[in-house]
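If you read the sequences in order, they're chains P and X.
Sequential numbering from 94 applies to the first sequence in my numbering.
Sequential numbering from 14 applies to the second sequence in my numbering.
Heads up, the beta-carbon is just placed ideally off N, CA and C, and yes, glycines get one too.
Nothing here was measured: the structure is a model prediction, and the numbers come from that model.
Some notes on the structure that comes next.
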Amino acid sequence: GAVVSQHPSWVICKSGTSVKIECRSLDFQATTMFWYRQFPKQSLMLMATSNEGSKATYEQGVEKDKFLINHASLTLSTLTVTSAHPEDSSFYICSASRDRAYNSPLHFGNGTRLTVT
Amino acid sequence: EDQVTQSPEALRLQEGESSSLNCSYTVSGLRGLFWYRQDPGKGPEFLFTLYSAGEEKEKERLKATLTKKESFLHITAPKPEDSATYLCAVRGPVSIKAAGNKLTFGGGTRVLVKP
C-alpha cells in the first residue's frame, strides 16, 4: 500500500517560534497533498491543499501567513507554523492519494503532535 | 457544503458482541465514501471505499454498506484489537472551489471492546 511519512512525530516549541513539519510520499508521486488538523477527541479538519509547483489552497478561516505550505517536489510537502502560540497546539496530519481516480483513498502520515509552551 | 455525521460518538462492547456504526452524509454528487480506522496518536488507516448504493465491502470482522443517505460499518464478533476510532469521510463533486480529492470527515465513533 501507499506510504506517507511525516516528521517529526512530536515537537515542543516556545511561543513565538516557528516549527516546520515534513510530509513525504515514500513509494509514489503526489502532485497534491492535504494537511489536516485534529484536536483531542475531535475529527480531522482540512486546513489546506498543497499543490506541487504552485500555491497552496487554504480552507476558509485558515491563516495562510501563519501556516506556510511549500510543495517543492512530487514527494515532499512542508507545513511551517510561524510565530506559534499555545492555541496552535494540535495534532497535524498530512495525506496524499496515489492517483487522481475519484475513488482513490487518501493515505495518511502518522501525524505530528505540536505543543506550544 | 458536504456534511458527515457519525453515531454513536462512543460504543462499548463486550468481546464477541456484534454492533453497527452509522455514517449519515449530505453531498451533491458523491464520488466516494471512505472508512478509516484511527488508533490513538496515529494517522487514519484506510479500510474501505464505497461508491454505489447497495455496495458492500468486507475485511475480516468488518463489513461496510452504503445507501443513498448513509453507510454502516458492521463489526461482527469484535475482539479487543478492534478497539479504535472509526472515521467516515466523503468525497464530493469536482468544482472550482473543491480541492481535488479532498475528504470531509465525520466526528468518528470511538469503539472500545472489552475482553
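When secondary structure is reduced to three states using DSSP, X/E69 falls in the strand class.
In this structure, the CA atom of P/V96 is about 11 Å from the CA atom of P/C116. As summarised for the region 116 to 178 of chain P, the continuous beta strand (DSSP E) elements at least 3 residues long and confined to that stretch are 125 to 131, 137 to 144, 160 to 166, 169 to 174, given in chain order. Take the alpha-carbon of P/L172 and the one of X/E58: they are about 21 Å apart.
The straight-line gap separating the alpha-carbon atoms of P/Y151 and X/E30 is approximately 43 Å. With fewer than 16 other Cβ atoms inside 10 Å of its own Cβ, P/Q153 counts as exposed. Beta-bridge partners assigned by DSSP to P/S190: P/L199.
Scanning its chain for C-beta atoms nearer than 7 Å, with the 5 sequence neighbours on each side dropped, one finds around X/A97 the residues R50, Q51, D52, V124, in chain order.
About 4 Å separates the beta carbon of X/L63 from that of X/L79, a gap short enough to meet the 8 Å contact definition.
Taking a cut-off of 8 Å on C-beta distances, the region 160 to 169 of chain P does not touch the region 102 to 109 of chain P, as fewer than three cross pairs fall below it. Between P/I186 and the set P/M138, P/K134, P/V112, the nearest pair of CA atoms involves P/M138. Here X/S37 is not near X/E94, since their CB atoms are 7 Å or more apart. At a cut-off of 7 Å between C-beta atoms, P/P198 counts as an interface residue with respect to chain X. Interface flag for P/N163 against chain X is unset, since no Cβ pair is found closer than 7 Å. For a cut-off of 8 Å, the C-beta gap from P/S183 to P/F121 is around 27 Å, too long to register as a contact. Neighbours of X/L86 in chain P, taken as residues at a C-beta separation under 9 Å, are lacking, since the least C-beta distance is about 15 Å.
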